[in-house]
DNA sequence: AGGCAATCTTAGAATTTTCTTAGAAAAGCT
DNA sequence: AGCTTTTCTAAGAAAATTCTAAGATTGCCT
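Chains as they are written, first to last, in this note's numbering: chain R, 48 to 270; chain S, 48 to 270.
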């Protein structure tokens, strides 16, 4: 699950990112409206948290420009206590929500989850499957017929991405960008290794074959 | 599917190429109008993305010269500002679509797909067929009655090109330029070999006959 | 029919891509 | 701090693809 955090205040941005990362969200950060807008157009996020007071371009403008472009990413606005009154009520509360700074961690996370659920990004039960493979998004764990696969975070995310795009080829680079992110020091050769790890954990159930190699292109989940 | 990206701004050119490559398009890049024009005349592309502001020769001129030569390749114009006169001018010259920078990845890809679809280069669901032969662009695989042909990339692209131009003769040189590209070290004799490989994979289904040799000219898909 | 050129076929060499292994580095936990 | 788990680096093995080369076959022309 990818989140973009647009916030100019460095300590707060770090805290928010940390909170989200601890919840296993993959976080990108922007420190002003323009950067936020750029990142949001270049990448596809599941959620954006957007400060309203921002240098260069304020949160409302970023939002408006994104919506004009057809971007429907659910957005959580952050606003200072003394400024709630103005435009907040004009928001489309179906796709958006707002939270007043300072806020409690749990409230923040609850709103994030709620937005994601409303947008259909996570199911109520938080489970996705492919054949007998089941991923529980709450536990961050995978199962086959009830047996836990004991996946690490990276393995889990790789498998998640595979299931999300079942029966479609994903390139190594796509995996890399999605699971490791652009700032990573590593090369996308790491993907091969993790595909290998995944197959190894699927092998005892005779399911290592579902991850197919498409030579010269990438990998896919099939049959 | 071959795309030519003509764009002088290096980061943007890289981003566009990357986006396209992730979608399994084969991308060539040109950094100015002259280079773009040259590449477009030397190779046969399925699509050109053409920046308007370019060094040496601007996008309009490139476009005009190509159309004058009879080149009908669908072209997507990129323009920095939403200036209506740009749009009108471009469309006058035969541009097929036009997108304003900066743009969202998905919008860009949607336009690319839509152009290719309009030009009949891809079917709606990413599948093209000839008789019982089916190519699935999502899987990069060919099928006959549901049986996979296990094509390599080169074989797939050759067959793809054949189906795209079914019942029309293509010269070895056309295959060579299209599948191997200009930078290739090989000679176009390699085409014979790959036609052979393809026939071999089609033979079990009694379909090796559909690839006909037209002596002294080339090959075609027929009956 | 014979000869010539184009095409087909085969085999294996060269290259590229992917897999596997092992261990080092980093991060997390108690 | 010390132990455990996870992540990453590196390099060689294995596998698949791509290409070279050469001889066989086919069709066309005189």
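Think of the CB as a built atom: it goes at the ideal place given N, C-alpha and C, for glycine as much as any other residue.
message = Run through the DSSP bridge pairs and tell me what residue 122 of chain R is partnered with.
response = Here residue 122 of chain R refers to the residue found at position 75 of the first chain. Looking at the DSSP assignment, residue 122 of chain R forms a beta bridge with R:95, R:143.
ask   = DSSP puts residue 268 of chain S in a beta bridge; with which residues?
value = If you number the second chain from 1, residue 268 of chain S lands on position 221. For residue 268 of chain S, which the question treats as bridged, DSSP gives the partners S:258.
query = Cβ of residue 95 of chain R less than 8 angstroms from any chain S Cβ?
reply = By one-based count along the first chain, residue 95 of chain R stands at place 48. By this cut-off, residue 95 of chain R is not an interface position.
ask   = How would you list, in chain order, the residues of chain R whose beta-carbon sits under 8 angstroms from the beta-carbon of residue 186 of chain S?
value = The count along the second chain starts at 1 and reaches residue 186 of chain S at position 139. Chain R residues near residue 186 of chain S: 214, 215, 216, 261, 267, 269.
request  = Per DSSP, which residues does residue 218 of chain S bridge with? Please list them.
outcome  = Numbered from its first residue, the second chain carries residue 218 of chain S at position 171. DSSP output for residue 218 of chain S lists S:265 as bridge partner(s).
query = Listing by chain order, which chain R residues have their CB less than 8 angstroms from the CB of residue 200 of chain S?
reply = On the second chain, residue 200 of chain S is found 153 positions in, with the first residue counted as 1. Within chain R, the residues near residue 200 of chain S are 262, 263, 264.
ask   = In whole angstroms, what separates the C-alpha of residue 100 of chain S from that of residue 106 of chain S?
value = Within the second chain, the letter at position 53 stands for residue 100 of chain S. Within the second chain, the letter at position 59 stands for residue 106 of chain S. Distance between the alpha carbons of residue 100 of chain S and residue 106 of chain S is about 6 angstroms.
ask   = Apart from the five residues just before and just after residue 50 of chain S, which ones in its own chain have a Cβ nearer than 8 angstroms to its Cβ?
value = Along the second chain, one-based indexing puts residue 50 of chain S at 3. Result list for residue 50 of chain S: 67, 72, 73, 74, 75, 92, 93, 94, 95, 96, 159, in chain order.
task = For residue 192 of chain R, I'd like the list of residues in its chain whose CB is within less than 8 angstroms of its CB, leaving aside the five on either flank, ordered along the chain.
result = The residue labelled residue 192 of chain R in the question sits at position 145 within the first chain. Answer for residue 192 of chain R: 179, 252, listed in chain order.
task = Ignore the nearest five residues each way along the sequence and tell me which others in residue 144 of chain S's own chain have a CB closer than 6 angstroms to its CB.
result = What you label residue 144 of chain S is simply residue 97 of the second chain in a count that begins at 1. So the list reads 123, 158, 162, once near-sequence residues are dropped.
Enclosing alpha helix (DSSP H) for residue 249 of chain S [first to last residue] = Position 202 of the second chain holds residue 249 of chain S. Element bounds for residue 249 of chain S: 236-249.
inquiry  = Cutting at 6 angstroms between CB atoms, please list the residues of its own chain near residue 113 of chain S, excluding the five before and the five after it.
reply    = As a working mapping, residue 113 of chain S is identified with position 66 in the second chain. Excluding positions up to five away in sequence, the list reads 87.
task = Check the Cβ-Cβ distances between residue 219 of chain S and every residue of chain R, and say whether any is below 8 angstroms.
result = As a position in the second chain, residue 219 of chain S is number 172, starting the count at 1. It does not; no Cβ of chain R falls within 8 angstroms.
message = I want to see whether chain S comes within less than 8 angstroms of residue 51 of chain R, judged by CB atoms only; does it?
response = For the purposes of this step, residue 51 of chain R is taken as the residue at position 4 of the first chain. Not one chain S Cβ lies under 8 angstroms of residue 51 of chain R.
query = residue 63 of chain R: which of R:227, R:219, R:125, R:166 sits nearest, CA to CA?
reply = The residue you call residue 63 of chain R lines up with position 16 of the first chain. Of R:227, R:219, R:125, R:166, the residue nearest in Cα terms is R:125.
task = Could you pull out every residue in the same chain whose Cβ sits closer than 8 angstroms to the Cβ of residue 246 of chain R, ignoring the five residues on either side in sequence?
result = Numbered from 1 along the first chain, position 199 holds the residue referred to as residue 246 of chain R. Contacts found: 255, 258.
query = Are residue 267 of chain R and residue 204 of chain R close, meaning C-beta to C-beta below 8 angstroms?
reply = Working through the first chain from its first residue, we reach residue 267 of chain R at position 220. Working through the first chain from its first residue, we reach residue 204 of chain R at position 157. No, Cβ-Cβ distance for residue 267 of chain R and residue 204 of chain R is not below 8 angstroms.
ask   = When you compare only the Cα positions, how much space is there between residue 242 of chain R and residue 211 of chain R?
value = What you label residue 242 of chain R is simply residue 195 of the first chain in a count that begins at 1. What you label residue 211 of chain R is simply residue 164 of the first chain in a count that begins at 1. Taking the straight line from one Cα to the other gives about 16 angstroms.
key: Endpoints, beta strand (DSSP E) assigned at residue 225 of chain R   = Stepping through the first chain from its first residue, residue 225 of chain R is reached at position 178. Neither: residue 225 of chain R is in no beta strand (DSSP E) and is coded neither H nor E.
request  = Leaving aside the five residues before and after residue 84 of chain S along the sequence, list all residues of the same chain whose C-beta is less than 7 angstroms from its C-beta, in chain order.
outcome  = Residue mapping note: residue 84 of chain S aligns to position 37 of the second chain, counting from 1. Once the five neighbours on either side are set aside, the close Cβ partners of residue 84 of chain S are 104, 109, 112, 113.
key: Reference residue 58 of chain S, options R:89, R:61, R:199, R:56, closest by Cα   = Residue numbering aside, residue 58 of chain S sits at position 11 when the second chain is read from its first letter. Nearest option by C-alpha distance: R:89.
Other residues of its chain near residue 261 of chain R: CB distance less than 7 angstroms, five sequence neighbours each side excluded = As a working mapping, residue 261 of chain R is identified with position 214 in the first chain. The residues are 216, 267.
request  = Within 10 angstroms of the Cβ of residue 200 of chain R, are there 16 or more other Cβ atoms? Answer buried if so, exposed if not.
outcome  = For the purposes of this step, residue 200 of chain R is taken as the residue at position 153 of the first chain. Answer is exposed; the Cβ neighbour count stays below 16.
key: As assigned by DSSP and simplified to three states, the class of residue 150 of chain R   = Taking the first residue of the first chain as 1, we reach residue 150 of chain R at position 103. In this structure, residue 150 of chain R counts as coil in the three-state DSSP scheme.
query = At least one CB of chain R closer than 8 angstroms to the CB of residue 57 of chain S: is that the case?
reply = One-based indexing of the second chain puts residue 57 of chain S at position 10. By this cut-off, residue 57 of chain S is not an interface position.
message = So that I know if they touch, is there some Cβ in chain R lying closer than 8 angstroms to that of residue 174 of chain S?
response = Counted from its first residue, the second chain places residue 174 of chain S at position 127. No, its Cβ sits nowhere closer than 8 angstroms to a Cβ of chain R.
ask   = Are the beta-carbon atoms of residue 248 of chain S and residue 196 of chain S separated by less than 8 angstroms?
value = Here residue 248 of chain S refers to the residue found at position 201 of the second chain. Here residue 196 of chain S refers to the residue found at position 149 of the second chain. Cβ distance < 8 angstroms, so residue 248 of chain S and residue 196 of chain S count as in contact.
message = For residue 197 of chain S, would you say it is in contact with chain R, using Cβ-to-Cβ distances shorter than 8 angstroms as the test?
response = Residue mapping note: residue 197 of chain S aligns to position 150 of the second chain, counting from 1. For residue 197 of chain S, the answer is no, since every Cβ of chain R falls outside 8 angstroms of its Cβ.
message = Cβ closer than 8 angstroms: which chain R residues qualify as neighbours of residue 71 of chain S?
response = By 1-based counting over the second chain, the position of residue 71 of chain S is 24. The answer, in chain order, is 216, 218, 264.
key: Nearest-angstrom Cα separation, counted from residue 155 of chain R out to residue 146 of chain R   = Within the first chain, residue 146 of chain R is the residue found at index 99, counting from 1. Within the first chain, residue 155 of chain R is the residue found at index 108, counting from 1. When rounded, the distance between both Cα atoms is 7 angstroms.
ask   = How about residue 54 of chain R and residue 98 of chain R: do their beta carbons lie closer than 8 angstroms?
value = As a first step, residue 54 of chain R must be located in the first chain, where it is residue number 7. As a first step, residue 98 of chain R must be located in the first chain, where it is residue number 51. It is a contact, given that the beta carbons lie within the stated cut-off.
Where residue 218 of chain R falls, given that 16 or more other Cβ within 10 Å makes a residue buried = Looking up residue 218 of chain R in the first chain gives position 171. Under this definition residue 218 of chain R is a buried residue.
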